[in-house]
Amino acid sequence: MVREISNESEIQAPAAKVWDLYGGLEMVNFIPVHLPNLVHKIDVLQGDGGEGTLLHITFAHGLGGPTSYKEKFVKIDNENRIKIAETVEGGYLDLGFTLYKFRVEIIEKNEESCIVKSTVEYELKKEAASNISLASVQPLVAIAQAVNNYFLNTTRQPHVKGDA
4 MVREISNESE IQAPAAKVWD LYGGLEMVNF IPVHLPNLVH KIDVLQGDGG
54 EGTLLHITFA HGLGGPTSYK EKFVKIDNEN RIKIAETVEG GYLDLGFTLY
104 KFRVEIIEKN EESCIVKSTV EYELKKEAAS NISLASVQPL VAIAQAVNNY
154 FLNTTRQPHV KGDA
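Counting from 1 along the sequence shown, just add 3 to a position and that's the residue number in my numbering.
Have a look at this one:
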């Protein structure tokens with residue numbers, strides 16, 4: 004049975020700018036720099052950031068769970084700002100999961116903010132049921148929080164009150 008976990012995080016930046024970061028390969032450099040306690044490195048094995056791009060993700064040491072895995076971008080919808088990546092080798096698949104997909108959707112809230120809806124879809128073999136606690140949307144939430152912090156720290160200019 005396929006199960007799903009999701010979370011919504013507000014980002015204080017326009018949806019188009021957030022999608023620019025999420026939509027292609029920009030996250031390959033962003034995540035290890037901004038979340039070194041989560042991801043050690045991300046290598047692009049093939050592709051240019053479009054559908055079919057294959058990545059090798061190596062987690063930071065000491066997290067528990069998988070140490071690395073390969074994921075493939077299976078859907079990138081620039082119009083609706085949706086990206087879906089699926090684990091294709093190692094990681095969760097080695098721990099009894101038969102499916103482990105990540106879906107990120109950037110939803111425009113207003114001109115200055117958006118919602119990042121992060122979803123993990125997974126299926127687990129019965130004999131690996133004890134690993135169900137490893138299925139988590141938390142890494143995607145941590146990424147969204149880092150993205151929000153990035154935009155708050157790089158795009159906000161100090162407000163200067165003029166003389167009235």
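We put the CB at the ideal spot given by N, CA and C, even for glycine.
About 6 Å separates the Cβ atoms of S121 and V144, confirming a contact at the 8 Å cut-off. In the three-state reduction of the DSSP assignment, A131 falls in the helix class, which pools H, G and I. The straight-line gap separating the alpha-carbon atoms of K75 and E54 is approximately 8 Å. For E108 and E7, the gap between their C-alpha atoms comes out near 15 Å. Taken in chain order, the unbroken stretches of alpha helix (DSSP H) that lie wholly in the segment 23-89 and span 4 residues or more are 29-37. Runs of beta strand (DSSP E) with 3 or more residues, each lying fully within the segment 100-154, are found at 100-113 and 116-127, listed in chain order. From the listed residues Q148, Y153, Q141 and N152, the smallest Cα separation to S9 is found for Q141. With 16 or more other Cβ atoms inside 10 Å of its own Cβ, G94 counts as buried. The C-beta of P69 has 16 or more other C-beta atoms within 10 Å across all chains shown, which makes the residue buried.
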